[in-house]
Amino acid sequence: MLCTQNKHVFNYFIIEFIILTCGAWVTTVTDENRLATFEWKVLRRIFRPKRNALGDFELRTNREVEELYGETNIIGVLKSSRLGWAGHVWRSGGPIGLATGWKPDTRRPRGRPRQRWKDRITKDASRLGMNDGEEIAQDR
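For what it's worth, full-length UniProt numbering labels the leading residue of the sequence shown as 1, then goes sequentially.
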């Protein structure tokens, strides 16, 4: 019972907070790895070690923790919510939609360009097989 209460707290408070704060955030691979590590730390804390037949504690395997949790991982939830928000942005004709399509006329600084929110969205959509996400959002 305690595990289910902690699971609900994790889902409804921590995950929702991360989704709300990271929805408009350009996550890098390092950020995604840190979020996944955080998620596993919390899940391992919620689903503590189990006792075996001898009474000793045994660590749960990753597969057991995934079966007990039964939800998608935090990265999948983050990407799906970000794509949902992108659909709203692409359909809007207001300043947000114009700002995402705007390209500055000035020169960029030297070095690798920083990843933009729009670049990350198109990369996530292309991994799902949607190469024309903006057109799909307009045809809704």
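Built from N, CA and C at the ideal position, the CB exists for glycine as well.
In this chain, the alpha helix (DSSP H) harbouring E67 covers N62 to Y69.
With respect to the C-alpha of K118, the residue from N33, A99, G111 and R60 having the closest C-alpha is A99. Boundaries for S92: no alpha helix (DSSP H) harbours it, and the DSSP string shows neither H nor E there. Excluding sequence positions up to five before and after I75, its CB lies within less than 7 Å of the CB of E32, L35 and A36, all in the same chain and listed in chain order. Distance between G93 and A86, taken at the CA atoms: about 13 Å. As computed with DSSP, K50 is found in a beta bridge with E58. Its chain contains A36 and E39 as the residues whose beta carbon lies nearer than 8 Å to that of N73, once the 5 sequence neighbours on both sides are disregarded; these appear in chain order. With respect to the C-alpha of Y69, the residue from K50, H88 and I46 having the closest C-alpha is I46. Sixteen is the threshold: when 16 or more other Cβ atoms of the shown chains lie within 10 Å of the Cβ of L43, as they do, the residue is buried. The three-state reading of DSSP puts D124 in helix, counting H, G and I together.
The residues Q115, R116, W117 and R120, in chain order, have a CB closer than 7 Å to that of V26 in the same chain once the five nearest residues on each side in sequence are set aside.
Between the beta-carbon of I19 and that of V77 there is about 6 Å, and that keeps the pair under the 8 Å contact cut.
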